[in-house]
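Asker:
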Amino acid sequence: MSSSFRRDWLTKPIFRLAQRALPRLSDTEREAIEAGDVWWDADLFTGNPDWEKLLAFSPARLSDEEKQFLDGPVEELCRMVNDWRINWELHDLPPEVWEFLKAKKFFAMIIPKRYGGLGFSAYAHSEVIRKLSSCSISTAVTAMVPNSLGPGELLLQFGTTEQQDYWLPRLARGEEIPCFGLTSPEAGSDAASMIDNGVVCRGTFQGQETLGIRLNWHKRYITLGPIATVLGLAFKLRDPDHLIGGREDIGITLALVPTNLPGVSIGRRHLPAMHVFQNGPNWGHDVFIPMDHVIGGVAQVGKGWKMLMSALAAGRGISLPSLSAAGAAFCANITGAYARIREQFHVPIAQFEAIQERLGRIAATAYLLDAARRMTCAALDEGHHPAVVTAIMKSQATDRMRIAVNDAMDVHGGKAIIEGPLNYLGSLYRGVPIAITVEGANIVTRALIQFGQGAIRCHPYLLKEMQALEEPDKEKGVDEFDKVLWAHVGHSLANTMRAWGRAWTGGLIAPAADAGAATKFYRQLSRHAAAFALAVDLSLLTLGGALKRKEMISARFGDILSELYLSSAALKRWNDEGRQGDDFPLLVSCMESSFATIEARFDEIIANFPVRPVAWLLRFIVQPLGPRRRGVSDRINDRCADIITNPGAARDRLTVDLYHPNPGETENGVALVERAFAMTVEVQPIRDRMRTARVRDIDAAVTQRTITADEAGKLKAVAEAIAAAVAVNDFAPEELTSRGKASKGEKSSQATSQATSQPISDQPVELPPPEPLQALPPPQAAE
Ligand SMILES: Cc1cc2nc3c(=O)[nH]c(=O)nc-3n(C[C@H](O)[C@H](O)[C@H](O)COP(=O)(O)OP(=O)(O)OC[C@H]3O[C@@H](n4cnc5c(N)ncnc54)[C@H](O)[C@@H]3O)c2cc1C
662 MSSSFRRDWL TKPIFRLAQR ALPRLSDTER EAIEAGDVWW DADLFTGNPD WEKLLAFSPA
722 RLSDEEKQFL DGPVEELCRM VNDWRINWEL HDLPPEVWEF LKAKKFFAMI IPKRYGGLGF
782 SAYAHSEVIR KLSSCSISTA VTAMVPNSLG PGELLLQFGT TEQQDYWLPR LARGEEIPCF
842 GLTSPEAGSD AASMIDNGVV CRGTFQGQET LGIRLNWHKR YITLGPIATV LGLAFKLRDP
902 DHLIGGREDI GITLALVPTN LPGVSIGRRH LPAMHVFQNG PNWGHDVFIP MDHVIGGVAQ
962 VGKGWKMLMS ALAAGRGISL PSLSAAGAAF CANITGAYAR IREQFHVPIA QFEAIQERLG
1022 RIAATAYLLD AARRMTCAAL DEGHHPAVVT AIMKSQATDR MRIAVNDAMD VHGGKAIIEG
1082 PLNYLGSLYR GVPIAITVEG ANIVTRALIQ FGQGAIRCHP YLLKEMQALE EPDKEKGVDE
1142 FDKVLWAHVG HSLANTMRAW GRAWTGGLIA PAADAGAATK FYRQLSRHAA AFALAVDLSL
1202 LTLGGALKRK EMISARFGDI LSELYLSSAA LKRWNDEGRQ GDDFPLLVSC MESSFATIEA
1262 RFDEIIANFP VRPVAWLLRF IVQPLGPRRR GVSDRINDRC ADIITNPGAA RDRLTVDLYH
1322 PNPGETENGV ALVERAFAMT VEVQPIRDRM RTARVRDIDA AVTQRTITAD EAGKLKAVAE
1382 AIAAAVAVND FAPEELTSRG KASKGEKSSQ ATSQATSQPI SDQPVELPPP EPLQALPPPQ
1442 AAE
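Numbering (the working numbering), first residue to last: 662 to 1444.
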């Protein structure tokens, strides 16, 4: 067929049809899609990922300086903080911790050394957050925010030289505390719909008349907002008098607003799930800033959404995934130990199969999340900003941490429910919904971003086709479309054959890396990647723009893509760590549960796909026998549970670099459990002897000479250590009711959620210090 015949008689009609069928992108969607870049996600989308390429990516590593920071200031900080005191007594970090955070530059991990920051790699930054998260969520969040989406990151990427030279050294020295205000009462997930606004006008700033912006806003939920000295503000800019150009509605713009400017009101504090990191609302009423406070200057006005998406493309892969990986590893460490020391029905609860089911899942989740965290950090350190990968990481890591934390809570029973300094899980449990909600709430991220954005961004041809369809020069558009479309057709046909061949042979002939015992897993992933690519093409072809509204279908595709990414990371971790035999059950667990989820999601897509003939075709090609994988076997699950209930190299690898308190600490719940665990393991041979002799009483065992008096002493010491470890706190009744006294005659809480951008007060501006919350008195000694 001649190329001009193909172009004119086949491509042109398809071009016209596709212009009607393909989703129209809004400006904000386009900017989100164009933000960042693609990485391993794009390989997965081809349907034929190159596994050798995956294994060749260099693993993330720390420099000596970064290691020293973790062993030095981070360890020291962990020893300084007491989560109970912070959350329930002080309702803030202690002053010395604030000073330490600033002095040691925890707020400047992403700021390059030339500005006085630490200039850390993404991996080092992630390791710091991970370790802090394993001892205090409020401290970790406080350290996390200035290094995440906010003034620092935005200035680095988009600031003018003058802005960088002025602000970055001040941020690095801790002289300025930044926060970032995007969310407002009326605009949460749909942040671009904000009504916070700025108008270009002339005004007076520091006694001089100048061109600038008059701002009015109402933001809420702003972390560090109550104590920030500089607010990164997102607002919609208008220029009705055309003072900076021809456009009247300029669009979302980002500026730095010193919080001591007239018109700025900092509200009272929010209390997010009883965590006391600084968070609250703020308002601006006719606040005037000069144009040079716009991040990037006049050149960047109206580009705020793109800047935000670009900053989020990297940052979203670090903060919350690190906290989540820490959460899962912490649960593995402490729950494995607790299940070993806690006995019911005269045996450690770790020996009950139903408990092992939870322990095994916690262990595998910890393995998977840390694998994905490390792989993603390695990509970021190589200079990638993979927006889809980081969205997957944020939502999947936080969701899976929730499962691990829930499992840990259930295994602990009452011990994890009763609050007090001895409770080491309650704080994490309460923190989970925060992680799920911030930086893109998980439901919307799963439904619209993981796949919706992924399909356009990572697909080898779709974005190019869409760009051709939107080309203003129609003939040029058809030429481009002709090239890309037919390459796409070839790709789809190849994937149809791949998907069919691999599915009908159970993946036996699918490509794989030469990876020893794990080779078979690569084959299965190759099989599912081909099926995914085919299913995506058929869905786009038949549903077109409607796929955007089919959120449940889209979310399931997102799940499959996420599983492909996360299980790739697990395979890479196993390989990078030298294919450790002891860790193999963890890898098997990750892979089997991933395959079961992938098959279940394909089944659900096929069962619910609105175009039935396409569903039948998909069923025939990719899942002729329906879902076959049943998930993790009981045997593998038991072996995973064993890893965290016994000391050993596999357990150490799983819980590496978490914070471990001094074993001598008597008021630290983690120290008590870790100590009792170590002692329990040590006396295991003595206990085994007693069990064989069928004697339970220690003194009776001595009398019968089953054990020696010295061994009896050890057993009694262990029993005491266990009693201390399983103890919970209690409070005098008046200690708990005394909190109410604080609010006598005074309104203790105030709704700050009215959907208005009007400032709450027209009074002269002053910045009140955050109101201290009434402290809960320290509890009495543990029972
Ligand atoms: C503790 C905390 C700290 C925060 N820190 C900051 C900060 O420093 N700066 C800042 O600007 N913001 C901050 N936020 C705001 C945070 O980013 C928002 O809470 C988040 O974007 C969700 O908005 P929302 O709470 O209004 O929920 P909503 O947008 O009302 O969403 C409610 C639910 O609807 C779902 N949903 C929404 N749209 C869709 C859709 N199209 N399809 C499917 N589901 C959908 C969401 O996933 C969510 O489950 C913080 C929030 C909290 C709780």
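For every residue, glycine included, the Cβ atom is placed at its ideal position computed from N, Cα and C. Remember, predicted model here, so these are calculated numbers, not experimental data.
Compare the C-beta of Ile838 against all C-beta atoms of chain C and say whether one is closer than 8 angstroms.
Answerer: Within the model displayed, chain C is absent; a lone protein chain is all it includes.
Asker: Ser1088 by DSSP, collapsed to three states: which one?
Answerer: Within the sequence shown, the letter at position 427 stands for residue 1088. Looking at Ser1088 - three-state DSSP - the assignment turns out to be helix.
Asker: For Met1070, is the classification buried or exposed, using 16 other Cβ atoms within 10 angstroms of its Cβ as the cut-off for buried?
Answerer: Taking the first residue of the sequence shown as position 1, residue 1070 is located at position 409. Answer is buried; the Cβ neighbour count reaches 16.
Asker: Does the beta-carbon of Tyr882, which I'm using as the reference point, lie nearer than 7 angstroms to any heavy atom of ligand 1?
Answerer: In the sequence shown, residue 882 corresponds to position 221, counting from 1. Yes, the Cβ of Tyr882 comes within 7 angstroms of a heavy atom of ligand 1.
Asker: Tell whether a beta-carbon distance below 8 angstroms holds between Leu815 and Leu915.
Answerer: Walking along the sequence shown from the start, residue 815 turns up at place 154. Walking along the sequence shown from the start, residue 915 turns up at place 254. Result yes, Cβ atoms of Leu815 and Leu915 sit closer than 8 angstroms.
Asker: Which of the three DSSP states, helix, strand or coil, is assigned to Pro1246?
Answerer: Indexing the sequence shown from 1 puts residue 1246 at position 585. Helix, per DSSP.
Asker: Distance, Cα to Cα, Ser1294 vs His1189?
Answerer: Locating residue 1294 in the sequence shown gives position 633, where the first residue counts as 1. Locating residue 1189 in the sequence shown gives position 528, where the first residue counts as 1. Those two C-alpha atoms are separated by around 21 angstroms.
Asker: Based on the DSSP secondary-structure assignment, which residues constitute the bridge partners of Asp1237?
Answerer: Within the sequence shown, numbered from 1, the residue matching residue 1237 stands at position 576. Looking at the DSSP assignment, Asp1237 forms no beta bridge with any residue, so it has no partner.
Asker: Using only alpha-carbon positions, find the residue among Ala801, Val955, Arg1061, Gly778 that is nearest to Glu788.
Answerer: Position 127 of the sequence shown, counted from the first residue, corresponds to residue 788. Measuring from the Cα of Glu788, the nearest candidate turns out to be Ala801.
Asker: Kindly indicate which three-state DSSP category Asn858 falls into: helix, strand or coil?
Answerer: The sequence position of residue 858 within the sequence shown is 197, counting from 1. Three-state result, Asn858: strand.
Asker: Quick one: is the Cβ of Gly842 within less than 7 angstroms of any heavy atom of ligand 1?
Answerer: Position 181 of the sequence shown holds residue 842. Yes, ligand 1 has a heavy atom inside 7 angstroms of this Cβ.
Asker: Kindly give me the distance between the Cβ atoms of Gly863 and Leu872, rounded to whole angstroms, as I take these residues to be in contact under 8 angstroms.
Answerer: By 1-based counting over the sequence shown, the position of residue 863 is 202. By 1-based counting over the sequence shown, the position of residue 872 is 211. The sequence given here has Arg at residue 863, not Gly. The pair is a contact, with the Cβ atoms about 6 angstroms apart (cut-off 8 angstroms).
Asker: Mark Val1008 as exposed unless 16 or more other C-beta atoms lie within 10 angstroms of its C-beta, in which case mark it buried.
Answerer: Taking the first residue of the sequence shown as 1, we reach residue 1008 at position 347. Flag for Val1008 reads exposed.
Asker: Count the CB pairs spanning the region 698 to 715 and the region 1220 to 1238 that are closer than 8 angstroms, and state whether there are at least three.
Answerer: With a cut-off of 8 angstroms, the region 1220 to 1238 and the region 698 to 715 count as touching, because enough Cβ pairs lie within range.
Asker: If you drop the 5 nearest sequence neighbours on each side, which residues of the same chain put their C-beta closer than 7 angstroms to that of Asp1236?
Answerer: Along the sequence shown, one-based indexing puts residue 1236 at 575. Going by the sequence as given, residue 1236 is Asn instead of Asp. The answer, listed in chain order, is Leu716, Ala1176.
Asker: Excluding the 5 residues preceding and the 5 following Arg1291 in the sequence, name in chain order all residues of the same chain whose CB lies nearer than 6 angstroms to its CB.
Answerer: Position 630 of the sequence shown, counted from the start, is the residue given in the question as residue 1291. The answer is none, since no qualifying residue turns up.
Asker: Can you give, in chain order, each stretch of the beta strand (DSSP E) that sits fully within the region 738 to 783 and has at least 3 residues?
Answerer: Entirely contained in the region 738 to 783, not one beta strand (DSSP E) run reaches 3 residues.
Asker: Going by C-alpha to C-alpha distance, which of His903, Ile913, Pro951, Val937 sits closest to Leu922?
Answerer: For this step, residue 922 is matched to residue 261 along the sequence shown. Of the listed residues, the one whose Cα sits closest to Leu922 is Pro951.
Asker: Would you check if there are 3 or more beta carbon pairs closer than 8 angstroms linking the region 1075 to 1090 to the region 1035 to 1048?
Answerer: They do not touch, by the three-pair rule.
Asker: Using C-beta distances below 6 angstroms, list every residue in its chain close to Lys763, excluding the 5 sequence neighbours before and after it, in chain order.
Answerer: Here residue 763 refers to the residue found at position 102 when the sequence shown is read from its first residue. Counting only Cβ-Cβ distances below 6 angstroms, and skipping sequence neighbours, we find Gly835.
Asker: Let me make sure I understand the geometry here. Which of Ala1361, Pro1324, Ala1380, Gly1330 has the alpha-carbon closest to that of Thr1341?
Answerer: As a working note, residue 1341 is residue 680 in the sequence shown. Taking only the C-alpha atoms, the option nearest Thr1341 is Ala1380.
Asker: If I follow the unbroken beta strand (DSSP E) through Gln869, where does it start and stop?
Answerer: Counting from 1 along the sequence shown, the entry for residue 869 is found at position 208. Residues 869 to 884.
Asker: Quick one: what's got a C-beta closer than 6 angstroms to Thr1258's C-beta in the same chain, skipping five residues either side?
Answerer: Within the sequence shown, numbered from 1, the residue matching residue 1258 stands at position 597. Around Thr1258: Glu1224.
Asker: Please state if the CB of Ala848 and the CB of Ile913 are separated by a distance shorter than 8 angstroms.
Answerer: Counted from its first residue, the sequence shown places residue 913 at position 252. Counted from its first residue, the sequence shown places residue 848 at position 187. Not closer than 8 angstroms, so no.
Asker: Check the C-beta distance from Leu1089 over to Gly988 and give it rounded, since I have them as a contact under 8 angstroms.
Answerer: Position 428 of the sequence shown, counted from the first residue, corresponds to residue 1089. Position 327 of the sequence shown, counted from the first residue, corresponds to residue 988. About 6 angstroms; that satisfies the 8 angstroms criterion.
Asker: By DSSP's criteria, Asp910 is part of a beta bridge. Which residues make up the other side?
Answerer: For this step, residue 910 is matched to residue 249 along the sequence shown. Asp910 is bridged to Arg899.
Asker: Ser1187 by DSSP, collapsed to three states: which one?
Answerer: Here residue 1187 corresponds to residue number 526 of the sequence shown, with the count starting at 1. The answer is helix: DSSP assigns Ser1187 an H, G or I state.
Asker: Short of 6 angstroms in beta carbon distance, which residues of its chain neighbour Pro1439, apart from the five on each side in sequence? Order them along the chain.
Answerer: Counting from one through the sequence shown, the residue named residue 1439 turns up at place 778. Only weak support is given to the placement of Pro1439: the predicted model assigns it a pLDDT of 44, under 50, and the question is left unresolved by the model.
Asker: Would you call the CB atoms of Ala975 and Ala1027 closer than 8 angstroms?
Answerer: Here residue 975 is taken as the residue at index 314 of the sequence shown, counted from 1. Here residue 1027 is taken as the residue at index 366 of the sequence shown, counted from 1. Against a cut-off of 8 angstroms, the Cβ pair of Ala1027 and Ala975 comes out as no contact.
Asker: Can you list, in chain order, the residues of its chain with a C-beta nearer than 8 angstroms to that of Thr844? Leave out the 5 residues immediately preceding and following it.
Answerer: Position 183 of the sequence shown, counted from the first residue, corresponds to residue 844. Excluding residues within five positions, the ones whose Cβ falls inside 8 angstroms are Ala852, Lys880, Arg881, Tyr882, Ile883.
Asker: Starting from the Cα of Ala1039, find the closest Cα among Trp701, Arg681, Thr996 and give me that residue.
Answerer: In the sequence shown, the residue the question calls residue 1039 occupies position 378. Nearest of Trp701, Arg681, Thr996 to Ala1039, Cα basis: Trp701.
Asker: In angstroms, rounded to a whole number, what distance separates the CA positions of Ala1032 and Lys1233?
Answerer: Within the sequence shown, numbered from 1, the residue matching residue 1032 stands at position 371. Within the sequence shown, numbered from 1, the residue matching residue 1233 stands at position 572. Distance between the alpha carbons of Ala1032 and Lys1233 is about 8 angstroms.
Asker: Can you tell me where the beta strand (DSSP E) holding Cys840 begins and where it ends?
Answerer: Translated into positions along the sequence shown, residue 840 becomes position 179. Taken as a continuous stretch (DSSP letters only), the beta strand (DSSP E) holding Cys840 covers 839 to 842.
Asker: Helix, strand or coil: how does DSSP classify Ala916 here?
Answerer: To locate residue 916, count along the sequence shown from 1; it is residue 255. Residue state, collapsed to three classes: strand.
Asker: With a threshold of 7 angstroms, establish whether the CB of Ser687 neighbours any heavy atom of ligand 1.
Answerer: Residue mapping note: residue 687 aligns to position 26 of the sequence shown, counting from 1. No, since every heavy atom of ligand 1 falls outside the 7 angstroms radius drawn around the Cβ of Ser687.
Asker: Closer than 7 angstroms: is that where the CB of Glu690 sits relative to any heavy atom of ligand 1?
Answerer: The sequence position of residue 690 within the sequence shown is 29, counting from 1. Glu690: no, Cβ never under 7 angstroms from ligand 1.
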